[in-house]
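A quick write-up on the structure given underneath.
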Amino acid sequence: MKNILFIFIICFSFSCGIISDFKRIPAAEDEFIHVVLDIDWTIVAQIHEGSEGISKSNLVRVGDETYRIKDWAREFVSALSKNPKIKISFFSGGGEPRNLELLSKIKLMNGSGKSFLDVSHKVLSYKDLTEIPEALRTGDRFSDRFKKDLSKLGFSEGKTLMVDDNYRFAVNEVQQRHYLWLGPTFNHYEKFSDIPSLPIGGPEAKFVPNSYAQWFLGRNKLAAVWDIMEQSIDKHLKSGIPVDKTMQDLSKELDLASGDLNGNLKRSIDKGSKKLRRLGFQKGRVFQGNNCSLLIEGFF
943 MKNILFIFII CFSFSCGIIS DFKRIPAAED EFIHVVLDID WTIVAQIHEG SEGISKSNLV
1003 RVGDETYRIK DWAREFVSAL SKNPKIKISF FSGGGEPRNL ELLSKIKLMN GSGKSFLDVS
1063 HKVLSYKDLT EIPEALRTGD RFSDRFKKDL SKLGFSEGKT LMVDDNYRFA VNEVQQRHYL
1123 WLGPTFNHYE KFSDIPSLPI GGPEAKFVPN SYAQWFLGRN KLAAVWDIME QSIDKHLKSG
1183 IPVDKTMQDL SKELDLASGD LNGNLKRSID KGSKKLRRLG FQKGRVFQGN NCSLLIEGFF
């Protein structure tokens, strides 16, 4: 009799939904944190010359173009994808076919075989940019003419983070506060010794690191970004502090926008890279020494 009563209670619980752990209740839209990533010069860098010495696992070919996946990008998105409270999107001024193919060829590091495209909430491209009327433009740059309106991705104030190498893409001041600007970006050089020794003039000069410290920072910037983002998201989930406030405070503290490697930024890179390395070892990374001195040799 007791067994019959027990079975009846279990069946009744299922039918009435009392045992709710077996059902996944969709979270309300405002419970999510939106993390939006630019593509070019943020998670990949186009390689214009030979790619000798670069691990094939770090290269992606789309049409006639070859891209080097930025250091820590795969670990970064893999870590984000583990958090059910985060929606990952991509917003690039590149063409949609290129963006979709590129993201489909970059795999996570969790062994699932899933790509960046597979875990994305939305992917927005050139056709999704907002064109600014000529009379309202502040300059002649591409980013003066076109803007990235994050409302197309479900922008929520205090719950959205946009990682981009160009803060000028922000459509207004409110959205700009949610931009984590990477500061100056450089062409990819696998080894410091690959950087041209001759003086480089003209507009290309600003894309060439002028010191080992600049090269090292360029290679490891996403590790610092992860440290900033993880703290921002953690504080928001624990105490409700807007993610953009913590992000901007930390970015200023590290002086990320300057493009110079200072002590605080070195420590942030060290913290971020140690956490991301738990997801697996990716060839081609350049690490700091235990005594905080920078190592000239990378791992290949």
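Numbering (my numbering), first residue to last: 943 to 1242. Built from N, CA and C at the ideal position, the CB exists for glycine as well. Note that the structure is a prediction, hence the values are computed from the model and not measured.
query	result
Buried versus exposed, by CB contacts within 10 Å (16 or more), Gln-988	exposed
Where Ala-1165 falls, given that 16 or more other Cβ within 10 Å makes a residue buried	buried
Residue interval of the beta strand (DSSP E) (run including Asp-1106)	1102 to 1106
Continuous alpha helix (DSSP H) assignments of at least 4 residues falling wholly in the region 1086 to 1152	1115 to 1118
Validate contact between the region 1079 to 1093 and the region 1103 to 1118 using beta carbons, cut 8 Å, 3 pairs	yes
Secondary structure of Lys-1056, DSSP reduced to three states	coil
8 Å contact criterion, which Val-1008 and Leu-1124 should meet: CB distance rounded	The question names Val, yet the displayed sequence has Thr at residue 1008. The Cβ separation is near 22 Å, so there is no contact.
Arg-1016: first and last residue of the uninterrupted beta strand (DSSP E) it sits in	Looking at the DSSP string, Arg-1016 is not in any beta strand (DSSP E); the run it does join, the alpha helix (DSSP H), is 1015 to 1023.
Burial state of Glu-1017, where buried means 16 or more other Cβ atoms lie within 10 Å	buried
His-976 and Phe-1058 closer than 8 Å at C-beta	no
Residue from Ala-1147, Glu-1146, Tyr-1154 and Gln-1118 whose Cα sits closest to the Cα of Ser-1135	Tyr-1154
Span separating the alpha-carbon of Asp-1107 from that of Leu-1207	17 Å
Paired residues, beta bridge with Leu-1218 - DSSP	For Leu-1218, which the question treats as bridged, DSSP gives no partner whatsoever.
Tyr-1009, enclosing beta strand (DSSP E) - first and last residue	1007 to 1011
Beta-carbon separation (whole angstroms), Val-1116 vs Phe-1033, contact threshold 8 Å	The Cβ separation is near 16 Å, so there is no contact.
Status (buried if at least 16 other CB within 10 Å, exposed otherwise) for Asn-1152	exposed
Residue from Trp-1014, Leu-1066 and Leu-1192 whose Cα sits closest to the Cα of Arg-1250	Lying before the first or after the last residue shown, residue 1250 is absent from the chain, which here runs from 943 to 1242.
Nonlocal neighbours in the same chain, by C-beta distance under 6 Å from Gln-1190, ignoring five residues either side	none
C-alpha distance - Leu-1071 paired with Lys-1029, whole-angstrom precision	20 Å
The region 996 to 1016 in contact with the region 1038 to 1045 per 3-pair CB rule at 8 Å	yes
Residues that Ala-987 bridges to, as DSSP identifies them	Arg-1010
Counterpart residues of Ile-1175 in DSSP-defined beta bridges	Ile-1175 pairs with nothing; no bridge assigned.
Through-space distance from Thr-1127 to Phe-1149, alpha-carbon basis	7 Å
Bridge-paired residues (DSSP) for Ile-981	In DSSP, Ile-981 forms no bridge with anything.
Buried versus exposed, by CB contacts within 10 Å (16 or more), Lys-1180	exposed
For Glu-1043: DSSP bridge partner residues	According to DSSP, which records beta bridges pairwise, Glu-1043 is partnered with nothing at all.
Backbone CA spacing between Thr-1188 and Lys-1217 [nearest angstrom]	19 Å
Straight-line Cα distance separating Ile-1175 from Ser-1020	16 Å
C-beta atoms of Asp-982 and Gly-1036 nearer than 8 Å	yes
C-beta atoms of Ser-1023 and Leu-1050 nearer than 8 Å	yes
CB-CB length for Asp-1186 against Gly-1100, believed under 8 Å	6 Å
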